[in-house]
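Have a look at the structure below, then the notes.
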Amino acid sequence: ASAGFTFPKDCVVYAGYGTKAAQVKALTAGMDVTLTYHLYTGGYTQNPDGTLKDRGTQADDVVTAVNSFQLLARGGALNHAVVDSVGTDKRARTVIGITGAGIVHIVTVSEPGPKFSASEGATMKDIANYMLTSLNCRDVVNMDGGGSTEMIVRNAGDGRLKTVNYPTEGKPRKVSDSLLIASDRALPGSRSYLSDTTADMTVDGPYTFKITSGSEPSFAMGTPGIFSVRLVKRQGSDYFYQVTPTGAPGQQAGVYVNGGPRLLVLTVGGSAETAVVSDTTAPFTVRQGGQYQFKLTSALRPQLVAG
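Numbering (our numbering), first residue to last: 1 to 307.
Structure follows, in structure tokens:
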């Protein structure tokens, strides 16, 4: 549109740069154009602008491939033809490196933005040196950077995706493609909820779990009589369940949510015998001369005092 025309829908833009620009300019309206492309693997060199100078071995039978911009390092050495003249300004970067053992490292570097200023970005040479010396990479390629630099992850055991870097514009930028890394290992067990507590623990008194679920979950102890459970609060999709030890110190019970696999094991602590469970925990009013009865559950006789 900046050149005085707009691109029609469902069209393909055929562009030529450098020495190829003249070939594109020679095309005329109505001319039939055939596009042929090839994939190459193995050794190759690049021009400073990132275009290939010498290609490797043609490999059109490749099933999956990832495109990149500049080759920053190869065989454990910097590609000086690129890093000495391209990307010398400090910007947000996205790079991928591969070690000699085949380990893949994906790294992003943030630059100052509306919500972040602790990093000044990196030059291509800086980030390439880091990949070689700190991560022992042999080959390093540069992906798109700047406002397109964003890393989104889902940590093990967490069902939520989250951005772990700081996008330059303060928010994600819409891009036409991205690189997705997915594990082919089976999940240890499908869960329809998230818990803020997942490790076995010992409790001496009341403890509250936060369970995030699309609907009210079931929260149960595997062994009755050791812990009492009650829902104390709901806030949006977060449900807060309080467990209080009622059994003897050392007794254990598993926690089960939505009838699924055991979440964790709770153990009654050594001082839990002093814990008291009340059937009334919210403020209330008793009329003058009236009566109200509490139900208190405790291993020892509790002392009730009105303050």
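Every residue, glycine too, gets a C-beta built ideally from N, C-alpha and C. Since the structure is predicted, the reported quantities are computational estimates derived from the model, not experimental observations.
Minimum Cα-Cα distance from SER213 among the listed residues GLY289, SER195 and TYR37 corresponds to SER195. For HIS80, the enclosing alpha helix (DSSP H) has its first and last residue at 80-83. Around the CB of ARG234, fewer than 16 other CB atoms lie within 10 Å, so the residue is classed as exposed. Across the set TYR256, TYR241 and MET131, the C-alpha of MET131 shows the shortest separation from the C-alpha of ILE98. The segment 104-114 and the segment 61-71 do not touch, with fewer than three beta-carbon pairs separated by less than 8 Å. LEU304 counts as exposed, since fewer than 16 other beta carbons sit within 10 angstroms of its beta carbon. Under the DSSP assignment, ALA22 falls in the alpha helix (DSSP H) whose first and last residues are 21-25. A distance below 6 Å between beta-carbons, with the five flanking residues on each side excluded, links VAL153 to the following residues of its chain, in chain order: VAL164. Considered as a whole, the segment 48-113 harbours 52-54, 71-74, 93-99 and 104-109 as its complete beta strand (DSSP E) runs of no fewer than 3 residues, in chain order. Within the segment 175-215, the runs of beta strand (DSSP E) that reach at least 3 residues and sit entirely inside it are, in chain order, 193-195, 201-203 and 207-213. For THR133, the enclosing alpha helix (DSSP H) stretches over residues 124-133.
Linking GLN293 to ILE181 through their CA atoms gives a straight-line distance of about 60 Å.
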